[in-house]
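Protein chains in written order, with this note's numbering: chain X, 1 to 161; chain P, 162 to 354. The beta-carbon is built from N, C-alpha and C at its ideal position, and this holds for glycine as well. Note sheet for the following structure.
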């Protein structure tokens, strides 16, 4: 029997969520619950000064919660790297695969500044001001270099820049 | 459906790295709620970021790094081997099988340089490679670079000479320092070349 095509994932509040009938990932469930609790607590305490901006408040809470979960997830990721293979089946991936060798070639084609800015931004996740300071560049310059590098990498990897 | 006003991929990367100002962040988020095309682009950006993080973890890139980068990878449990030869001096070095990253720290006075290149030469002083126009902090006391650990683990014993060259606005080049790495292979087995 031919395999049914997988529904495209959607992105809600920065979290990739597969569409039904796939089960919602546990992280997305945690996020939904946490955001609902925060929103209800805020409303009950009367801390939302402009109720007409409820949607923006919920979106902002989603974003902050995702960042918190993400930070916690990094610690969890390190433990799982060490102990996980024997305990858990590999989770289904909804991200497109990246060809490692091609990516290596593409990263090596960048200029020194572009390569360092991309690695420091993507690996370290330092604040823009810190990246700029340690590399002797302005924040605006770091942003321009990062954007140019991302476009070049995407073009080199064969996706539209 | 094709998105009529797609968000630039680099802006989506900034969004994912939480680098956008709040109003832009909100606008991107609202767009993503309704747009599968831009959601797909964001998925590609996330995959690209993961790919780059994996490359950085492997330590196989030859590149300039920051002190913060070295501190962070060490904090994350990676084994970092570092060498800091004195300015215009030499150092004995090696690499072990269990090392994850190899870092060189080149002490120099970087003030007044408009541009700095890091050249890599063999023991005869013949340039094999050059990192041109590297990023540097003029107030720092050293240039920190990562040598490919994959290359170093495969390399036979040998000498690497690394002149650090500054250029002024008129294009005149001057030597900031020359550093000699005397590499002894300690990993058993034949070298890869």
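Quick one: what's got a C-beta closer than 7 Å to residue 395 of chain P's C-beta in the same chain, skipping five residues either side?
Since the first residue of chain P shown is 162 and the last is 354, residue 395 of chain P is not available in this structure.
Any beta carbon from chain P within less than 8 Å of residue 163 of chain X's own beta carbon?
Because residue 163 of chain X is not part of the residues shown, which for chain X are 1 to 161, the question remains open.
Check the DSSP bridge columns for residue 305 of chain P and list the partner residues they point to.
Note: residue 305 of chain P sits in a beta bridge opposite P:266.
Hey, residue 309 of chain P and residue 221 of chain P are a contact pair by Cβ (cut 8 Å); roughly how many whole angstroms apart?
The pair is a contact, with the Cβ atoms about 5 Å apart (cut-off 8 Å).
Taking the CB atoms as reference points, tell me whether residue 338 of chain P and residue 268 of chain P lie closer together than 8 Å.
Yes, these two residues count as a Cβ contact at 8 Å.
State yes or no: is the C-beta of residue 66 of chain X within less than 8 Å of the C-beta of residue 208 of chain P?
No; because the gap between Cβ atoms is not below 8 Å, this pair is not in contact.
Give a yes or no on whether 8 Å exceeds the smallest Cβ distance from residue 155 of chain X to chain P.
Residue 155 of chain X does not count as touching chain P.
Which ranges would you report for the beta strand (DSSP E) in the region 280 to 351 of chain P if only whole runs of at least 3 residues count?
DSSP runs (the beta strand (DSSP E)) wholly in the region 280 to 351 of chain P: 288 to 292, 303 to 308, 319 to 328, 334 to 344.
Report, in whole angstroms, the separation of the C-beta atoms of residue 296 of chain P and residue 116 of chain X, which I expect to be a contact under 8 Å.
That pair is a contact at about 5 Å.
Counting only beta-carbon atoms, is residue 310 of chain P nearer than 8 Å to chain X?
No - not a single Cβ of chain X is within 8 Å of the one on residue 310 of chain P.
Identify, in the order they occur along the chain, each residue of the same chain with its Cβ nearer than 6 Å to the Cβ of residue 145 of chain X, setting aside the five sequence neighbours on each side.
Answer for residue 145 of chain X: 113, 114, 117, listed in chain order.
Could you tell me which residues DSSP puts in a beta bridge with residue 243 of chain P?
Note: residue 243 of chain P sits in a beta bridge opposite P:264.
Hey, out of P:290, P:299, P:190, P:183, whose CA is closest to residue 132 of chain X's CA?
Ranking the options by Cα distance to residue 132 of chain X, first place goes to P:299.
So with CB distances below 8 Å, who are the chain X contacts of residue 226 of chain P?
Residues of chain X passing the Cβ test: 116, 119, 120.
Find the residues of chain X that neighbour residue 212 of chain P, judging by a C-beta separation of less than 7 Å, and give them in chain order.
Simply 98, 100, 103.
What does residue 59 of chain X reach in chain P if we use C-beta pairs closer than 9 Å?
The contacting residues are 186, 187, 190, 191, 194.
Contact criterion: CB-CB distance below 8 Å. Does residue 7 of chain X meet it with respect to chain P?
Low confidence applies to residue 7 of chain X: its pLDDT is 47, below 50, so where it sits in the model is not reliable, and the reading given next is rough at best. Not closer than 8 Å to any Cβ of chain P, the Cβ of residue 7 of chain X fails to qualify, so no.
Closer than 9 Å, Cβ to Cβ, to anything on chain X: give me those residues from the region 294 to 305 of chain P, in chain order.
Those residues of the region 294 to 305 of chain P that come within reach of chain X (Cβ to Cβ, closer than 9 Å) are 294, 295, 296, 297, 298, 299, 300, 301.
By how many angstroms is the C-alpha of residue 193 of chain P removed from the C-alpha of residue 200 of chain P?
One C-alpha to the other measures close to 6 Å.
Excluding sequence positions up to five away, which residues of its chain have a Cβ less than 8 Å from the Cβ of residue 205 of chain P?
170.
Taking the beta strand (DSSP E) that residue 196 of chain P belongs to, which residues open and close that run?
Taken as a continuous stretch (DSSP letters only), residue 196 of chain P belongs to no beta strand (DSSP E), as it is neither H nor E.
Which residues in the same chain as residue 138 of chain X place their Cβ atom closer than 8 Å to its Cβ, once the five residues preceding and following it in sequence are excluded?
Answer for residue 138 of chain X: 132, listed in chain order.
Can you give the Cα-Cα distance for residue 341 of chain P and residue 306 of chain P, rounded to whole angstroms?
The alpha-carbon atoms of residue 341 of chain P and residue 306 of chain P are separated by roughly 14 Å.
Distance check for residue 28 of chain X and residue 35 of chain X, CA to CA, integer angstroms please.
Cα to Cα, residue 35 of chain X sits roughly 10 Å from residue 28 of chain X.
Check the Cβ of residue 178 of chain P against every Cβ in chain X and list those closer than 7 Å, keeping chain order.
Near residue 178 of chain P (Cβ distances below 7 Å), the residues of chain X are 121, 125.
By Cβ distance below 7 Å, which residues in the same chain neighbour residue 302 of chain P in space, the five residues on each side in sequence not counted?
Correct list, in chain order: 268.
Pairing CB atoms from the region 282 to 297 of chain P with CB atoms from the region 250 to 259 of chain P, are three or more of them under 8 Å?
Too few Cβ pairs lie closer than 8 Å, so no.
Can you tell me where the alpha helix (DSSP H) holding residue 145 of chain X begins and where it ends?
Element bounds for residue 145 of chain X: 139 to 156.
Where residue 334 of chain P and residue 312 of chain P are concerned, what is the direct C-alpha to C-alpha distance, given to the nearest angstrom?
Spanning the two alpha carbons is a distance of roughly 29 Å.
Grab the span of the alpha helix (DSSP H) containing residue 106 of chain X for me, first residue to last.
Segment 100 to 109, the alpha helix (DSSP H) holding residue 106 of chain X.
For the region 326 to 340 of chain P, which residues have a CB atom closer than 9 Å to at least one CB atom of chain X, in sequence order?
Here the close residues number zero.
Compare the C-beta of residue 230 of chain P with all C-beta atoms of chain X and state if any pair is closer than 8 Å.
Output row for residue 230 of chain P: interface = yes.
Tell me whether the beta-carbon of residue 266 of chain P lies closer than 8 Å to the beta-carbon of residue 278 of chain P.
No, these two residues do not count as a Cβ contact at 8 Å.
Does DSSP put residue 49 of chain X in a helix, a strand or coil?
Note: residue 49 of chain X maps to coil in three-state DSSP.
Of the choices P:172, P:231, P:237, P:166, whose alpha-carbon is the least far from that of residue 243 of chain P?
Residue 243 of chain P has its Cα closest to that of P:231, out of P:172, P:231, P:237, P:166.
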